[in-house]
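Quick note on numbering: our numbering labels position 81 of the sequence shown as 1273, and the sequence is numbered without any gaps.
Think of the CB as a built atom: it goes at the ideal place given N, C-alpha and C, for glycine as much as any other residue.
The model shown is predicted, which means the values in this text are computed figures rather than measured ones.
Encoded as C-alpha cells, the structure appears first; notes follow it.
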Amino acid sequence: MPNALRSRPARWRACRGVAFGLVALCVAAAAQARCSRPLQAPVAPIGLGVTVDAGQVGGVYPTVLREWAVQQGCELQFSPVPRARQELLLENGHADLMIPASRSSRRDAWGDFVPLLQARPAAISLGGRRLYLSDLDQVLARKELRLAVVRGFDFGERYREVLAQLRQAGRLVEEVDAVAVARVLQAGMADLTVMTPTIMWGALQGDDRISPLADQLRVDALQDFDWSETGVYLSRQALAEPDRRHLMQMFRDPRLSQRVWTLTVEAYAGLPLEGWMRPVPTPPLSAAKPSRRGPSSP
C-alpha cells in the first residue's frame, strides 16, 4: 500500500479550506432561494467521501454539495448517523437524500437515483497468507473464512444472498463502519471484508490505532462485481415535487459529477484508484435521465 496514505489527513484538511472557483455563480443564485425548506441529509462516514470528526461533517461529497447548494439557493443540513440508519431514514421518508449510495433495487423503491461516480467492490484482507479469492462462491465454500461487513452496505442481490448464508452459518461479523471492520480484521475476528477499496483506505488514515494496517492490505478483484454506479438517492416521500425536480436537475448537471471526481482524485492522491473507482460518462444535460435500475458506493 502506498505510503502516501499517511499524509492524507493534512492534505485533505487543506483541500477543504480552499475556495473552489464557484463564488460568482453562488452569489448570483443564492439571491433567490430555489428550495422550499432546509434539506435533511443524514450521512455516515465512508472513506474520504464523507468524514466525521468530533461531530463535524466533511469529505468529498459534503464539500461538493455545500458548494452546489449555495449556488442553487438551497440549504443542506448534514447530520452524522450510522450507515444502516442512513438507509432506514431514506426508506421511512425522514431523509430528503442519501449520499453516497450505490444503486440497488431495494432503494429504487424509495427514491430516484442519479449517478455521480462508478465504483467496484473487492475482497480485502490483511497481510500473512493471501486468500486468492476470485468470487463470492469461494468465500462460501471455504468454511474457515469469516467475513466482516459494514451494516447497511448494499452491493447488489448476490452480495445480500451471500451475507444471508454466512449469517445463518455464524460466519458473518457486522459492524457500524469501516473503521470497526478494520479493527475486527486486525484482531483476527474475521478474515476478510468486501467493500470498495477506497472506503478502507480512507478509514485507515483517520485512526492512528489502525493506520499501520495500510501497508498490510491485500485487495482481490471479485468476478461477482462489475463496474456499478454510486451517487445520490432523492426521496420521493420526503421531498415536495418542485424540490425533487429542482434537485434532480442540479445533480444531473455533468459539472457536479466532474467536481466529485476531481476532489476524489485529490483526496486519494497517490493511491491506485484505477480498477476501483472512475468518473461516470458525461452525456449532454438534455440526454441525462434519472435511473431506476439497480447496484458501488454502498
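Residue i classed as buried or exposed, judged by whether at least 16 other C-beta atoms fall within 10 angstroms
i	result
methionine 1469	buried
alanine 1459	buried
alanine 1432	exposed
glutamine 1248	exposed
tryptophan 1419	exposed
glutamate 1336	exposed
aspartate 1399	exposed
proline 1389	buried
glycine 1467	exposed
glutamine 1357	exposed
alanine 1361	exposed
aspartate 1492	The displayed coordinates of the chain run from 1193 to 1490. Any statement about residue 1492 would go beyond what the structure contains.
proline 1404	exposed
Where the alpha helix (DSSP H) containing residue i begins and where it ends
i	result
isoleucine 1291	No alpha helix (DSSP H) contains isoleucine 1291, which is instead part of the beta strand (DSSP E) from 1289 to 1294.
methionine 1392	1389 to 1397
glutamine 1232	Counting along the chain, glutamine 1232 falls outside any alpha helix (DSSP H), though it belongs to the beta strand (DSSP E) covering 1231 to 1235.
valine 1331	1328 to 1333
proline 1254	1252 to 1264
alanine 1370	1370 to 1378
leucine 1355	1349 to 1360
serine 1297	1297 to 1300
leucine 1282	1275 to 1283
Whole-number beta carbon distance between residue j and residue i, since they are thought to touch under 8 Å
i	j	result
proline 1313	glutamate 1267	Going by Cβ atoms, the distance from proline 1313 to glutamate 1267 rounds to 33 Å, so no, they are not a contact pair.
arginine 1437	glycine 1303	The pair is not a contact, with the Cβ atoms about 14 Å apart (cut-off 8 Å).
valine 1235	proline 1272	6 Å
glutamate 1367	valine 1376	6 Å
leucine 1455	valine 1331	Leucine 1455 to valine 1331, Cβ: 33 Å. No contact.
valine 1365	alanine 1340	4 Å
leucine 1448	aspartate 1383	Not really, about 39 Å apart at Cβ, beyond 8 Å.
valine 1306	proline 1490	With a Cβ gap of about 17 Å, valine 1306 and proline 1490 do not count as contacting.
valine 1472	leucine 1308	7 Å
glutamate 1421	glutamine 1310	6 Å
leucine 1328	leucine 1414	6 Å
Residue span of the beta strand (DSSP E) that contains residue i, given as start and end
i	result
glutamate 1151	Outside the displayed range of the chain (1193 to 1490) lies residue 1151, so it cannot be described from this structure.
proline 1272	1268 to 1272
arginine 1451	No beta strand (DSSP E) contains arginine 1451, which is instead part of the alpha helix (DSSP H) from 1446 to 1459.
arginine 1470	1469 to 1471
Fill in: Segment contact flag, the segment 1283 to 1291 with the segment 1245 to 1252, C-beta cutoff 8 Å, min 3 pairs
no
Discussion item. Just to confirm the assignment: which complete alpha helix (DSSP H) runs, minimum length 4, are found wholly within the segment 1408 to 1443?
Written reply: 1433 to 1443
Worksheet item: Contact between the segment 1314 to 1322 and the segment 1399 to 1415: three or more CB pairs below 8 Å?
Response: yes
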